[in-house]
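Enquirer:
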Amino acid sequence: MRMAELSRRTGVPVPTIKYYLREGLLQPGERTSPNQAIYDETHIRRLRMIRALAEVGGLPIAKVRDVLDAVDSPEIPFEILGTVQHSIEPPSGGTGSEYWETARERVAKLVLDRGWRSNIESPPATTLIAAVASLYELGREDLTAMLERYAPAAEKIAEYDVNAVTRGRGLEDTIEGVVIGTVLGDAIFGALRRLAHQHATAHALGVPDEYKVLGREGE
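For what it's worth, the UniProt record's numbering labels the leading residue of the sequence shown as 1, then goes sequentially.
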């Protein structure tokens, strides 16, 4: 297909496709003349992945490139997961907090108690430590109980995620599933949790009569 058809089928504007080509995120098409190239289904799949990572997952282009480089490399899925986690985790900061070590010990104990083969120095662990340290700083130590309450649910969600992307799949599909499932899974679960918050808050605190209609309740 020509670039115009590639754009139509993916919803990605032609200037954006050209930008991805310049940045090396998208492989060049097969040249048919100095100014013309044709593209195939692999380009459609790649563009959809780029859109998922950048537009839904919210990754900056530099991080999208890191993730795609990992996908294109011969690494095993577990190593690719590490690359993805380094890409999607925001800088945690907070290492200078007076509660940092207390929070780190709390997270390390959780990992040990759960028997998780997880790296306490990994980006998600650092993000979690920073969040717990912030709770201590804010005088909301009571909310740190979320760690122990969330952990069993997180474990079951992770087991489901891994089974979903590895069951009956080849290596290429598994790697793609690890990448997309990790990035979009965060977006999906975060949105589900916020929707559930609307419902739980309405149930606990009540909702004014004028909001008791579908589409407005919980806003």
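Ideal Cβ placement from N, Cα and C applies to all residues, glycine included. Predicted, not measured: the structure shown is a model, and the values here were computed from it.
1. State yes or no: is the C-beta of Y20 within less than 7 Å of the C-beta of L26?
2. Relative to the C-alpha of residue 250, which residue among T201, G185, V179, A191 is closest?
3. Alpha carbon to alpha carbon, how far is L59 from E101? Give it in angstroms, no decimals.
4. Which residues bound the alpha helix (DSSP H) around T32?
5. Since I17 is in the alpha helix (DSSP H), which residue starts that stretch and which ends it?
6. Hey, out of S33, T42, R48, N35, whose CA is closest to T16's CA?
7. Compute the Euclidean distance between the alpha carbons of S7 and I44, then round it to the nearest angstrom.
8. Determine the DSSP secondary structure at residue 238, reduced to helix, strand or coil.
9. So is S87 buried or exposed if we call it buried at 16+ other beta carbons inside 10 Å?
10. In chain order, what residues of the same chain have a beta carbon less than 7 Å from the beta carbon of R2, not counting five sequence neighbours either side?
11. Please report how far the alpha carbon of A204 lies from the alpha carbon of R167, in whole angstroms.
12. Quick one: Cα of A70 to Cα of A202, how far?
13. Is DSSP giving I120 helix, strand or coil here?
14. From L112 to P34, what does the alpha carbon distance come to, in whole angstroms?
15. Ignoring anything shorter than 3 residues, give me the beta strand (DSSP E) runs that lie fully in the segment 119 to 173, in order along the chain.
16. By a C-beta neighbour count over all protein chains shown, 10 Å radius and 16 as the cutoff for buried, is A191 buried or exposed?
17. Hey, quick one: how far does the alpha helix (DSSP H) through A37 stretch, first residue to last?
18. To the nearest angstrom, how far is the alpha carbon of N119 from that of G206?
19. Three-state secondary structure (DSSP) at R194?
20. What three-state label does DSSP hand G206 in the structure shown?
21. Under 7 Å, Cβ to Cβ, is there at least one residue of chain B near S87?
22. Whole angstroms are fine: how far does the CA of M146 sit from the CA of H199?
Expert: Once the coordinates are examined:
1. yes
2. Since the first and last residues shown for the chain are 1 and 219, residue 250 lies out of range.
3. 30 Å
4. It is not in any alpha helix (DSSP H) - T32 instead sits in the beta strand (DSSP E) that spans 30 to 33.
5. 14 to 23
6. R48
7. 9 Å
8. In the structure as shown, the chain begins at 1 and stops at 219. Residue 238 is therefore absent and cannot be evaluated.
9. buried
10. I38
11. 40 Å
12. 43 Å
13. coil
14. 60 Å
15. none
16. exposed
17. Counting along the chain, A37 falls outside any alpha helix (DSSP H), though it belongs to the beta strand (DSSP E) covering 36 to 38.
18. 42 Å
19. helix
20. coil
21. Looking at the structure shown, chain B is missing, and only one protein chain is on hand.
22. 19 Å
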